[in-house]
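K.L.:
Have a look at the structure that comes next, please.
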Amino acid sequence: MQSLTLIQAITDGMRTMLRERDEVLVLGEDVGKNGGVFRATDGLQEEFGESRVIDTPLSEAGIIGSSVGMAMNGLLPIAEIQFMGFIYPAYEQIMTHATRMRYRTMGAYSVPLVIRAPYGAGVRAPEIHSDSTEALFTHMPGIKVVCPSTPYDAKGLLISAIEDPDPVLFMESLRLYRSVRGEVPEGKYSVEIGKGVKRKEGEDITLIGWGAMMPVLEKAAMEAEKKLISCEIIDLRTLYPIDKDIIAESVQKTGRCVIVHEAHATGGLGNDIISIINDTSFLYMKAPIQRVTGADVHVPFFALEDHYLPTPDRVMEAIEKAIYF
Amino acid sequence: MQSLTLIQAITDGMRTMLRERDEVLVLGEDVGKNGGVFRATDGLQEEFGESRVIDTPLSEAGIIGSSVGMAMNGLLPIAEIQFMGFIYPAYEQIMTHATRMRYRTMGAYSVPLVIRAPYGAGVRAPEIHSDSTEALFTHMPGIKVVCPSTPYDAKGLLISAIEDPDPVLFMESLRLYRSVRGEVPEGKYSVEIGKGVKRKEGEDITLIGWGAMMPVLEKAAMEAEKKLISCEIIDLRTLYPIDKDIIAESVQKTGRCVIVHEAHATGGLGNDIISIINDTSFLYMKAPIQRVTGADVHVPFFALEDHYLPTPDRVMEAIEKAIYF
Amino acid sequence: MGYEKDFPMQQIVDKDGFLILEDYKDKITRDLVLTFYRHLIRVRTFDRKAKNLQRQGRIGTYAMFEGQEGAQVGSAMALKENDWMYPTYRDHAASITFGHSLPTILAYWKGRVEGGVPPKGKHIVPPSVPIATQLPLAAGTAMAEKYKGTNNAVICYFGDGATSEGDFHEGMNFASVFKAPVVFFNQNNSYAISVPIEKQMNSKTIAQKSAAYAIPGVRIDGNDIFVVYFETLKALERARNGHGPTLIEAVTWRYGAHTTADDPTKYRNQEESEKRREFDPVTRVEKFMKNYGYWDDEWVENQKQLVEEEINQAVIEMEAMPSPNVSDLFDHIFAEPTWTIQEQKNAYLTHLRGEASCNH
Amino acid sequence: MGYEKDFPMQQIVDKDGFLILEDYKDKITRDLVLTFYRHLIRVRTFDRKAKNLQRQGRIGTYAMFEGQEGAQVGSAMALKENDWMYPTYRDHAASITFGHSLPTILAYWKGRVEGGVPPKGKHIVPPSVPIATQLPLAAGTAMAEKYKGTNNAVICYFGDGATSEGDFHEGMNFASVFKAPVVFFNQNNSYAISVPIEKQMNSKTIAQKSAAYAIPGVRIDGNDIFVVYFETLKALERARNGHGPTLIEAVTWRYGAHTTADDPTKYRNQEESEKRREFDPVTRVEKFMKNYGYWDDEWVENQKQLVEEEINQAVIEMEAMPSPNVSDLFDHIFAEPTWTIQEQKNAYLTHLRGEASCNH
Ligand SMILES: Cc1ncc(C[n+]2csc(CCOP(=O)(O)OP(=O)(O)O)c2C)c(N)n1
Ligand SMILES: Cc1ncc(C[n+]2csc(CCOP(=O)(O)OP(=O)(O)O)c2C)c(N)n1
Ligand SMILES: [Mg+2]
Ligand SMILES: [Mg+2]
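This is how it looks when you write it as structure tokens:
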């Protein structure tokens with residue numbers, strides 16, 4: 001097996017599917033000749049040509065809108081949005097076309113589209129390059145949202161997303177692009193959308209996160225072990241639909257939970273998870289669920305981003321709050 | 001005092017402020033000569049002229065973007081978006097300009113902008129005219145969201161919104177426009193943004209809603225009284241920031257809660273409220289919090305909208321579920 | 001800045017029904033003229049019927065197209081079987097002409113999701129409601145045809161107001177950059193609800209906006225079905241031959257309200273609309289038929305009757321539709337429902353059964 | 001469709017520094033030329049310094065403008081004190097010329113929110129990052145000036161890539177419909193990161209996009225600061241006089257990478273950039289000064305030294321800034337923080353104090 005970084009695994013996933021099916025196309029700003037501003041599409045235009053790996057105009061509504069039109073017409077576009085903070089010009093296209101076409105035609109047309117978007121803070125990028133706004137998409141009916149934290153999952157989920165008959169927003173952590181590395185099978189395999197994974201077994205408390213927060217959770221869990229607190233760690237991987245069962249099963253065992261995400265507290269996915277726990281596990285909970293999230297403030301200019309992002313220390317504090325409630 | 005419908009109260013609020021301050025402008029599609037497709041701006045262009053009540057091109061990003069530019073330059077624009085379902089082309093402008101300009105300039109520029117948007121289902125409107133997507137805005141730092149359910153509150157909150165130094169999204173229930181009527185003072189008064197109101201005292205359970213859901217809650221509460229269940233009803237009025245205290249105070253008394261909204265369950269404000277209760281009132285809760293909401297599906301074509309919208313019956317079921325938990 | 005002179009309004013048949021471009025003489029066959037006429041009276045009858053149905057509360061809000069039939073029928077007739085159509089809420093004359101089913105269109109306005117379903121084997125996308133957002137889609141659908149190497153083309157309808165939206169621009173630019181086989185067919189009826197075109201844009205024509213994309217722009221009399229048909233044919237031909245998109249501005253007029261929910265007396269003098277009947281697209285073909293000897297009372301009466309029957313039948317079918325299926329609320333969001341949707345559906349169906357048993 | 005001939009590229013001074021439009025002879029005063037030169041060397045020195053600071057890790061990613069100084073300085077010099085400027089991330093030469101503070105600009109790239117604050121009494125909006133989204137804002141700011149009845153105007157910068165965005169179109173259309181006093185100043189440097197203009201648009205010029213809005217469009221040599229200055233002055237004059245917006249396309253070139261994070265060898269031959277130095281905007285003024293007797297070695301040396309000192313001083317100031325204030329994360333979202341933000345701030349400051357006490 002090859003050992004790849006997260007971004008290499010993503011490239012490999014696209015290459016695998018470009019080889020597998022002629023209907024697969026890659027399009028976006030700078031994805032062709034330049035191979036993407038992060039090099040996620042490096043080498044793809046050379047291998048598959050300009051008709052399959054397409055440099056588009058600087059036009060997010062154009063990219064998503066035309067991808068929807070292609071997807072309705074039998075193709076399987078993978079559209080790159082250069083940074084999640086620049087997806088909003090395409091919001092209308094996602095909101096009223098990509099996600100509604102199947103319903104509006106009772107399935108006569110569907111939109112098997114993948115939207116790839118690098119997200120998140122922590123790499124000292126200029127302002128507005130660091131948004132983590134998954135919640136603005138999980139509230140839209142008709143689109144799935146995934147966010148891998150390992151190279152293996154990244155490739156497997158990307159392949160599932162490409163094969164999914166409906167739109168999938170595929171969020172890629174900028175911070176993890178080159179900072180995680182792992183074994184990735186050659187060729188085609190898939191990781192099921194909608195399933196979380198337990199990264200660590202534990203008894204006392206459940207830590208829930210995804211994407212760039214996973215290393216933060218792992219560090220916090222190590223700290224907690226020193227204080228003899230045993231943490232169970234769940235990596236959600238899919239943000240819509242959230243894997244309810246893995247959450248319920250875990251919190252029913254531990255009775256305590258800390259949820260961690262970069263996005264703002266209000267309207268963040270943490271609240272969806274609390275709601276799932278309320279629905280499934282009310283009687284099991286021994287303490288209020290703790291959230292460690294970005295504040296209700298803009299992701300700041302980078303000089304302050306470390307103060308915005310959840311840290312192992314803050315997670316540790318939340319763990320203790322839940323444990324010593 | 002005058003007895004006005006909700007929409008008349010809104011018109012009155014705009015007229016009051018147009019008279020009060022020269023900086024106040026109204027702009028949007030069809031707001032001038034036509035007086036708005038719902039007649040919310042009826043008579044305003046006649047009274048204040050074309051330079052203050054402006055028919056714009058069909059261009060939501062243009063409307064919001066230019067309003068931001070005006071607001072930064074000393075004016076107090078009230079921008080109408082014809083239906084909430086058509087606000088998404090302006091999403092980028094709201095997300096990265098209206099809401100971020102104060103932060104990005106440390107207050108050197110601010111954006112005292114009001115965005116009015118009729119929302120919600122239930123009036124047999126054509127598809128995509130019935131969205132209730134407040135949660136897509138409450139998750140944005142830098143904008144407040146209000147949603148009145150009475151003519152008194154409508155005018156008072158609108159005036160507060162116009163005087164607020166920051167952007168406010170003002171959601172107007174299509175369904176309530178002409179179906180509620182009430183006493184409205186002449187001239188200027190205000191209702192504080194950020195404060196909910198108790199519409200009914202009760203002992204056994206707290207019902208929380210806003211806007212078009214208020215009559216639904218009231219009917220359900222009447223049904224419940226017949227079964228000797230005493231409901232306390234809270235009208236949130238402001239959706240960001242949510243009035244935490246009024247919620248905590250009430251659920252700490254009743255120990256039970258039903259939250260009702262039109263929007264989809266996942267990512268809906270119901271989850272934010274559950275999260276507030278988790279944070280403030282964990283030990284008081286006697287039963288899981290119940291939500292009665294739209295499903296995770298598109299607001300349907302109108303032949304099915306009654307099956308999408310929360311009804312008093314569904315609320316009643318939720319009340320019983322919470323009571324007999 | 002006087003671009004309007006670069007885009008003079010083209011006509012083939014004048015308002016009195018006389019051929020003014022002799023070149024077209026041979027191309028205008030009897031069959032073509034009669035087909036024009038048949039479609040025109042069919043869609044006009046449909047439109048009036050639908051408006052009445054709304055008045056009677058048998059369907060919901062409806063967007064009338066009376067006055068715009070020449071533009072819609074002429075352009076739709078230029079399409080080939082496998083082409084794609086992106087209509088708006090006002091373009092039922094186009095979609096009917098292209099082969100849409102009348103009961104389906106009525107169902108659309110009755111708030112039935114069945115109303116969005118295209119007819120079998122025909123690529124008719126449901127009416128676009130958010131203005132101008134269909135242009136990038138149409139560009140993409142056309143790019144896909146090009147990618148697949150077919151000769152199919154796409155037609156995309158939109159109004160004068162739509163040109164102010166960013167998506168108009170992005171769609172045009174994409175199509176021009178990728179030489180997508182798409183015809184952007186604008187119906188300039190001078191109004192976007194109440195907003196007249198002078199407030200919508202500073203340019204005197206819409207055709208001149210083609211300059212921004214360096215694609216052909218054509219300004220035509222949208223009430224002259226002859227010029228509409230032949231210019232759309234040409235544009236489609238260019239598209240099929242790999243020469244990319246064309247912007248057609250068909251100048252026309254809606255006689256009535258924006259929709260049945262609109263009161264046009266608030267913003268314009270309805271007398272003007274009456275005067276416009278002088279340029280009526282249906283009457284013009286009538287006059288042409290009379291001028292050139294194609295008119296046959298009996299045939300016309302016969303056609304009118306057929307149309308009447310067909311439309312009455314459509315209303316019957318629409319009203320005979322089984323009542324809406326609650327499952328449709330949940331079943332078409334994803335190919336397979338997520339657990340959230342499945343749970344919500346189960347809960348709701350249980351609730352409905354509970355209600356049903358309570359009430360009986 | 002051959003619009004490019006309607007928009008020929010205008011020049012006043014050719015690449016060898018010779019005046020080619022004699023009409024301007026009297027308008028080109030010694031003072032003007034020396035001011036051009038002083039600004040040009042100032043901003044070029046700043047730009048190179050900033051790039052080096054990034055290399056040394058003393059600031060973050062930085063967007064160089066070398067090659068585009070003529071377009072930026074010339075246009076900014078045409079502004080009056082109370083005008084507004086909407087720059088992008090690449091337009092520091094413009095904002096510096098208009099009076100922005102150098103340490104503030106460096107702070108911007110150091111990830112400091114202080115970098116977004118305009119200088120006192122000067123209307124300089126923070127650099128626009130989401131491409132083209134500033135155009136509607138600029139239109140609105142200009143509409144407000146018009147509403148207030150001032151003679152102030154707005155200049156709005158954007159690149160060739162920005163023209164593909166819907167917001168470009170909506171901003172242009174708003175400004176033209178409302179005759180807003182704004183100059184849309186496009187720097188066509190032929191690239192949007194890696195994407196060459198031929199893939200960005202089908203039109204040969206950007207100036208011709210003015211046709212869509214029926215406003216004046218002007219195509220100029222953006223490396224000829226003379227034509228930039230005089231054409232921007234004219235456009236501002238039109239704006240102030242109530243004649244509405246102008247679209248200026250200044251054709252230029254960036255020599256270097258898109259930003260310090262970009263590797264241009266992936267997508268273009270860097271030799272071409274070196275060849276472009278023949279058209280350099282700074283050298284051109286040098287040549288002009290030499291050709292027409294304005295060159296004075298001593299004055300030039302003196303200016304270079306002053307600039308060097310000023311910039312070194314700015315770096316010192318930037319680096320002497322107190323470390324970022326954590327409160328700034330919370331304090332500028334609303335005029336008054338909401339309870340959510342206040343609670344989050346309190347909790348975070350408590351956390352920080354806890355950490356501080358733990359670590360000591
Ligand atoms: C994005 C969006 N904004 C607003 C509306 C409301 N609206 C419906 S039709 C219309 C006017 C459209 O005018 P035009 O494009 O000229 O088409 P016409 O109705 O004249 O056929 C408006 C503003 C909408 N449907 N979508
Ligand atoms: C909406 C949006 N999409 C994408 C980006 C990423 N991006 C930053 S600069 C740039 C290219 C801009 O090109 P151009 O407008 O020509 O300006 P230049 O950089 O050449 O000055 C892109 C794609 C962005 N900042 N905003
Ligand atoms: Mg129109
Ligand atoms: Mg450029």
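Chains as they are written, first to last, in UniProt numbering: chain A, 1 to 325; chain B, 1 to 325; chain C, 1 to 360; chain D, 1 to 360. The beta-carbon is built from N, C-alpha and C at its ideal position, and this holds for glycine as well.
1. So is A:Ser51 buried or exposed if we call it buried at 16+ other beta carbons inside 10 Å?
2. Do we get a CB-CB distance below 9 Å when we pair B:Arg19 with the residues of chain D?
3. I believe C:Met172 touches C:Tyr213 by the beta-carbon criterion, under 8 Å. Please report the beta-carbon distance rounded to the nearest angstrom.
4. Please state if the CB of C:Phe7 and the CB of D:His169 are separated by a distance shorter than 9 Å.
5. Report the option in A:Met214, A:Lys198, A:Lys188, A:Ser190 whose CA atom is closest to the CA atom of residue 357 of chain A.
6. Determine which residues of the segment 132-147 of chain B have a Cβ less than 9 Å from any Cβ of chain A, and write them out in chain order.
7. Return the chain-ordered ranges of every alpha helix (DSSP H) run that is complete within the segment 20-78 of chain C and spans a minimum of 4 residues.
8. Which residues, taken in chain order from the segment 152-171 of chain C, show a beta carbon closer than 9 Å to some beta carbon of chain D?
9. Which residue's Cα is closest to the Cα of D:Val218: D:Ser194, D:His243, D:Val251?
10. If we ignore side chains and look at the alpha-carbon of each, how far apart do C:Asn269 and B:Pro151 end up?
11. Could you check what DSSP says for C:Ser95 in three-state terms: helix, strand or coil?
12. Inspect the CB distances between the segment 193-202 of chain B and the segment 39-53 of chain B and report whether three or more fall short of 8 Å.
13. Does any residue of chain A have a CB that is nearer than 9 Å to the CB of D:Ala239?
14. Ignore the nearest five residues each way along the sequence and tell me which others in C:Ile105's own chain have a CB closer than 6 Å to its CB.
15. Could you please give the first and the last residue of the uninterrupted beta strand (DSSP E) stretch that includes B:Ser3?
16. How many angstroms separate the CA atom of D:Ala132 from the CA atom of B:Gln2?
17. Quick check: what's the CA-CA separation for C:Thr35 versus C:Gln72?
18. In three-state terms, what does DSSP make of D:Asn359?
19. Should C:Glu271 be labelled buried (16 or more other beta-carbon atoms within 10 Å of its own) or exposed?
20. Name, please, each residue of chain D whose Cβ falls closer than 9 Å to the Cβ of A:Pro167.
21. Leaving out five residues before and five after B:Leu174 in sequence, what residues of the same chain have Cβ atoms less than 6 Å from its Cβ?
22. Check whether the Cβ atoms of B:Ala322 and B:Ile277 sit closer than 9 Å, and answer yes or no.
23. Determine, using beta carbons only, whether D:Gly70 and D:Gly222 come nearer to each other than 9 Å.
24. Given C:Tyr37, which residues of its chain have a CB within under 6 Å of its CB, disregarding the five upstream and five downstream residues?
25. At a cut-off of 8 Å, is C:Gly159 close to ligand 1 when judged by its beta-carbon and the heavy atoms of the ligand?
26. Kindly indicate if chain B contains any beta-carbon less than 9 Å away from that of A:Asn34.
27. Examine the Cβ distances between the segment 8-24 of chain B and the segment 157-170 of chain B and report whether three or more of them are shorter than 8 Å.
28. What is the C-beta distance between A:Met106 and C:Val113, in whole angstroms, given that I count them as a contact (C-beta under 8 Å)?
29. Let me check you understand the geometry: is the CB of B:Ser250 closer than 8 Å to at least one non-hydrogen atom of ligand 5?
30. What runs of the alpha helix (DSSP H), each 4 residues or longer, lie entirely inside the segment 190-239 of chain A?
31. Among C:Tyr108, C:Lys266, C:Pro245, which has the Cα closest to the Cα of C:Pro216?
32. Would you call the segment 121-140 of chain B in contact with the segment 259-268 of chain B, where contact means no fewer than 3 C-beta pairs closer than 8 Å?
33. Measure the Cβ-Cβ separation of C:Ile12 and C:Tyr24 and say whether it is below 9 Å.
34. Return the chain-ordered list of same chain residues with a C-beta closer than 7 Å to the C-beta of C:Ala138, the five sequence neighbours on each side being excluded.
35. Check each candidate in D:Phe288, D:Asn188, D:Val307 and name the one with the smallest Cα separation from D:Asp14.
36. So, is the C-beta of D:Asn173 closer than 9 Å to a C-beta in chain B?
P.N.:
From the atom records:
1. exposed
2. no
3. 5 Å
4. no
5. This structure cannot speak to residue 357 of chain A, because chain A is shown only from 1 to 325.
6. Thr133, Ala135, Leu136, Phe137, Thr138, His139, Met140, Pro141, Gly142
7. 30-55, 69-77
8. Thr163, Ser164, Glu165, Gly166, Asp167, Phe168, His169, Glu170
9. D:Val251
10. 34 Å
11. helix
12. no
13. no
14. His92
15. 2-5
16. 47 Å
17. 14 Å
18. Confidence at D:Asn359 is low in this model, with a pLDDT of 49, below 50, so its placement is unreliable and no value can be given for it.
19. exposed
20. None at all; the shortest Cβ gap to chain D is about 21 Å.
21. Pro118, Gly120, Val123
22. no
23. yes
24. Val285
25. yes
26. no
27. yes
28. 6 Å
29. Although ligand 5 was asked about, the structure shown includes only ligand 1, ligand 2, ligand 3 and ligand 4 as ligands.
30. 214-226
31. C:Pro245
32. yes
33. yes
34. Tyr86, Val154, Cys156, Gly171, Val182
35. D:Phe288
36. yes
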